[in-house]
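Enquirer: Heads up, the sequence shown is in numbering that gives the first Met the number 0, so the first residue is 0 and it goes up one at a time. Each residue gets a CB set at the ideal place from its N, CA and C atoms; glycine is no exception. If you're wondering where the values come from, they're calculated on a predicted model, not measured in any experiment. Just dropping this structure here.
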Amino acid sequence: MRIRSIPPVLALTGALAMLCPPVYATVSDARQERVVITDVVEYRCGVTGVAETQDVKVKIELTMPADATAGEQMTIGWRGTYVSDATALRAPATGLAGGTKLYAYAAISGLAGLTSATGVGELASIGPGQIVPLPTAVVPLKTTSSKAGTAMVRPAAVNAGTRPTEPSIQCQVQNADALTTYPLAIASADDRPADPAPVTPSQSATTTATASTRPAPTVTATVTVQATASAPATSQPARDLTASAAGPSADGTTKVLVTPAGGAATGGGGEAGPDGRVLVSLGLLVTLAAVTGLRVRRRALSGG
């Protein structure tokens, strides 16, 4: 390739790059369907029956639903990580009992009858004084609003225990006023597009012709043709004809194929007459007689 042909190629490549939209544009649009809240929440945690408390800092992410509807259960995603080990929650002197779960809450305001959302996460059994590991998976916080409108959401308390009504550890928010609240839009059920009605196939009688698997009957008939008295000596001998019924045709009639027993093997199955070798033999005899006669006449003329 010559060097002077490179600039047009580069220009064409640049034009195609400008016309093609970037792939990441679609991904970013999909991510904007949900709103994620990230806040550092300061907790003061107390153990049941123990006077001492712990100051804990947790970075919490709340994911707002994009399709919240009045009268239907909605889910707010909750994920928490400790800011550092120094501000992490530690198990009491008795450790954590088996089956202890984490109960996370979100505070909701601005809409009558909707105050909170609650979720449950699994915790591992640990020994005394060890850091209580937070769930690595997203904890779904469930709630239902009876009304449509816009509510405000922020992180709330975190408890640990075998039952939600019997917490062994309770952590209350200390910086609630500093937390960011985000709007949660709840649509009315009338605003949602109606689901398409299921299509039920109608039952109608359908007649389907089924080809019969039974073979067509075959009829074989033998016909003997007698030669008449006035027929010459070279008349054909009596022929045996075999008729075979080929079965019904498209118009409903029955076709019969007749093949002479002494007929030539033409492959057509029709009346082809006697074998052609007889006619060829007669022709050779006539030719030989003519040649012999000519030679005898020539000798006679030569002798005279």
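Measuring CB to CB, does Tyr-102 end up less than 9 Å from Val-157?
Expert: In contact: Tyr-102 and Val-157 (Cβ atoms closer than 9 Å).
Enquirer: In its own chain, which residues sit with a C-beta less than 6 Å from the C-beta of Gly-76, not counting the 5 before and 5 after it?
Expert: Excluding positions up to five away in sequence, the list reads Thr-62, Val-137.
Enquirer: Can you say whether Leu-140 is buried or exposed, counting buried as having 16 or more other CB atoms within 10 angstroms of its CB?
Expert: The residue in question, Leu-140, is buried, as its Cβ has 16 or more Cβ neighbours within 10 Å.
Enquirer: Taking the C-alpha atoms as reference points, what is the distance between Ala-175 and Ala-188?
Expert: So the two alpha carbons sit approximately 32 Å from each other.
Enquirer: Along the beta strand (DSSP E) that carries Ile-185, what are the first and last residues, could you check?
Expert: Here the beta strand (DSSP E) through Ile-185 covers 181-185.
Enquirer: What residue from Leu-278, Met-151, Leu-95, Pro-166 has the CA that sits closest to Ala-116's CA?
Expert: Minimum Cα distance to Ala-116 is reached at Met-151.
Enquirer: Quick one: measure Cβ to Cβ for Glu-51 and Arg-78, integer angstroms, because I've assumed they're closer than 8 Å.
Expert: So it is not a contact: roughly 28 Å between Cβ atoms.
Enquirer: Any heavy atom of the ligand GTP within a distance shorter than 8 Å of the CB on Leu-281?
Expert: You won't find the ligand GTP in this model; it holds no ligand whatsoever.
Enquirer: Going by DSSP, what residue range makes up the beta strand (DSSP E) through Glu-71?
Expert: Neither: Glu-71 is in no beta strand (DSSP E) and is coded neither H nor E.
Enquirer: Which ranges does the beta strand (DSSP E) cover as unbroken runs of at least 3 residues, wholly within the stretch 85-166, from first to last along the chain?
Expert: Those beta strand (DSSP E) runs which fall completely within the stretch 85-166 and span 3+ residues are 100-108, 115-121, 138-143, 148-162.
Enquirer: Just how far apart, CA to CA, sit Ala-237 and Val-290?
Expert: Per-residue confidence for Ala-237 stands at a pLDDT of 46, beneath the threshold of 50, marking its modelled position as unreliable; the derived number appears in the next sentence. About 34 Å.
Enquirer: Compare the C-alpha of Ala-177 against each of Pro-166, Gly-292, Cys-170, Arg-153 and name the closest.
Expert: For the residues Pro-166, Gly-292, Cys-170, Arg-153, the minimum Cα distance to Ala-177 belongs to Arg-153.
Enquirer: DSSP state of Asp-176, grouped into three classes?
Expert: Three-state result, Asp-176: helix.
Enquirer: Determine the closest residue to Gln-129 out of Leu-95, Leu-113, Lys-100, Gly-160, with distance taken between C-alpha atoms.
Expert: Ranking Leu-95, Leu-113, Lys-100, Gly-160 by Cα distance to Gln-129 puts Leu-95 first.
Enquirer: Compute the Euclidean distance between the alpha carbons of Ala-186 and Val-119, then round it to the nearest angstrom.
Expert: Approximately 26 Å, taken between the alpha carbons.
Enquirer: If we ignore side chains and look at the alpha-carbon of each, how far apart do Ala-67 and Gly-48 end up?
Expert: Between Ala-67 and Gly-48, the C-alpha separation is close to 40 Å.
Enquirer: Thinking Ala-90 and Ile-125 are a contact (beta carbons under 8 Å), I'd like their distance in whole angstroms, please.
Expert: Their Cβ separation, rounded to whole angstroms, is 5 Å, which keeps Ala-90 and Ile-125 in contact under 8 Å.
Enquirer: Closest by CA to Pro-127, which one among Gln-171, Ser-83, Ser-108, Thr-93?
Expert: Per the Cα distances, Thr-93.
Enquirer: By Cβ distance, which residues of its chain are closer than 8 Å to Val-55, with the 5 residues on each side in sequence left out?
Expert: The residues are Glu-41, Tyr-42, Arg-43, Cys-44, Tyr-81, Thr-86, Ala-87, Leu-88, Cys-170.
Enquirer: Find out if the Cβ-Cβ distance for the pair Val-172, Ala-155 is shorter than 9 Å.
Expert: Contact: yes.
Enquirer: For Ala-65, which of Leu-183, Ser-301, Thr-179 has the nearest alpha-carbon?
Expert: It is Leu-183.
Enquirer: For Leu-133, I'd like the list of residues in its chain whose CB is within less than 6 Å of its CB, leaving aside the five on either flank, ordered along the chain.
Expert: Answer for Leu-133: Gly-79, listed in chain order.
Enquirer: Ordered along the chain, which non-local residues of its own chain (more than five positions away) have a Cβ less than 6 Å from that of Ser-108?
Expert: Excluding residues within five positions, the ones whose Cβ falls inside 6 Å are Met-151.
Enquirer: Please classify Thr-99 as buried or exposed, where buried requires at least 16 neighbouring CB atoms within 10 angstroms.
Expert: Thr-99 is buried by the Cβ-count criterion.
Enquirer: Can you tell me whether Pro-163 is buried or exposed, with buried defined as 16 or more other CB within 10 angstroms of its CB?
Expert: Exposed, because fewer than 16 other Cβ atoms sit within 10 Å of the Cβ of Pro-163.
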